[in-house]
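Working notes for the structure below.
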Amino acid sequence: MNNDPRDNALQAATPTVMVPRFGTFEPLTEPGHRFLATADGLWLELKRAWLYLCMPLVCQYSVAMPYGRVEESIDLIFGSVPSALMEEFCGQAKDRLPNEHAAWITWNEATGHIRLRALCEISAAPGHIHFNRPVLDEGEHLVLDVHSHGTLPAFFSATDNRDDGEVKIAGVIGNLDTPHPTAEFRLCALGVFLPMPGTAKGKES
Ligand SMILES: [Zn+2]
Numbered sequence: 759m760n761n762d763p764r765d766n767a768l769q770a771a772t773p774t775v776m777v778p779r780f781g782t783f784e785p786l787t788e789p790g791h792r793f794l795a796t797a798d799g800l801w802l803e804l805k806r807a808w809l810y811l812c813m814p815l816v817c818q819y820s821v822a823m824p825y826g827r828v829e830e831s832i833d834l835i836f837g838s839v840p841s842a843l844m845e846e847f848c849g850q851a852k853d854r855l856p857n858e859h860a861a862w863i864t865w866n867e868a869t870g871h872i873r874l875r876a877l878c879e880i881s882a883a884p885g886h887i888h889f890n891r892p893v894l895d896e897g898e899h900l901v902l903d904v905h906s907h908g909t910l911p912a913f914f915s916a917t918d919n920r921d922d923g924e925v926k927i928a929g930v931i932g933n934l935d936t937p938h939p940t941a942e943f944r945l946c947a948l949g950v951f952l953p954m955p956g957t958a959k960g961k962e963s
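Numbering of the sequence shown is given in the numbering used here, commencing with residue 759 and proceeding in unit increments.
Next up, the structure:
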């Protein structure tokens, strides 16, 4: 029992669950995240309306732990980002050269609608872009936070790493002044970055 109610609040919000070795493991069904003590270490389980993620954080095999196992999983519940929206973004980003450009792609869980959201830009230059986050409709979720690097190649900069602490897919498009723009995508999950399976790199637009 905790002797400080703040610990009770923290642990209730983000518990560590012992995965049953013999019984049935019940995955998270509501938005949030928690930690799983498993036979091989400590895992992160994370749920959003558009995403289910289960991944190992720390694995160890030296000490036997009396828990069960879970499977790695990245389930993009919303489906995938339509290529037409990416092409629309690339067109906008080319118009903004040599400055950077940014937009959100959102998914509405009630309607299934995926849309390209313009952002309220504060300032943009060849090396940075600042914007205010848009107010989303009820049931609408940020899925892909995409920005351009103008004429520079697509890569995630130190600034991008600082900006990508929430749960979203992040994308960068670069070399927009050439016939062969470059692209990088990653899944951001509370500070860890995972490569996106099946995303095209160096896609022409
Ligand atoms: Zn960047």
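Each residue gets a CB set at the ideal place from its N, CA and C atoms; glycine is no exception.
Per DSSP, cross-strand counterpart(s) of residue i
i, result
"Pro884", "Note: Pro884 sits in no beta bridge, so no partner."
Residue i in three-state terms, based on DSSP
i, result
"Leu952", "strand"
"His900", "Before going further, note that residue 900 is Leu rather than His in the sequence given. The answer is strand: DSSP assigns Leu900 an E or B state."
"Leu723", "An answer regarding residue 723 cannot be provided, because it is not within the stretch 759 to 963 covered by the chain."
"Ala770", "helix"
"Asn760", "coil"
"Glu962", "Any reading at Glu962 must be qualified, since the residue scores a pLDDT of 37, below 50, and its modelled position is unreliable; the value itself is stated next. It is coil, neither helix nor strand."
Of all the beta strand (DSSP E) runs that stay within the bounds of the stretch 773-815, which reach a length of 3 or more residues? 774-776, 790-796, 799-806
Could you pull out every unbroken beta strand (DSSP E) segment of at least 3 residues lying fully inside the stretch 811-892, listed in chain order? 831-834, 860-866, 872-875, 878-883, 886-890
Length at least 3, wholly inside the stretch 902-938: the beta strand (DSSP E) runs in chain order: 926-932
Can at least three beta-carbon pairs, one atom from the stretch 779-795 and one from the stretch 762-770, be found at a separation below 8 Å? no
Segment contact, 8 Å Cβ cut-off, at least three pairs: the stretch 838-857 with the stretch 883-895: They touch, by the three-pair rule.
Determine contact between the stretch 807-819 and the stretch 902-922, defined as no fewer than three beta-carbon pairs at a distance below 8 Å. no
Assess, as a yes-or-no matter, whether the stretch 788-806 is touched by the stretch 822-833 under the definition of 3 or more beta carbon pairs within less than 8 Å. yes
Specify which residues have a beta carbon nearer than 7 Å to any heavy atom of ligand 3, listing them in chain order. Inclusion of ligand 3 in the displayed structure is not the case, the ligand content consisting of ligand 1 alone.
Is it a yes or a no for the stretch 839-853 touching the stretch 888-895, going by three-plus beta-carbon pairs under 8 Å? no
Three-pair Cβ contact test at 8 Å for the stretch 825-838 versus the stretch 805-813: yes
Does the pairing of the stretch 869-879 with the stretch 935-953 give three or more beta-carbon distances under 8 Å? no
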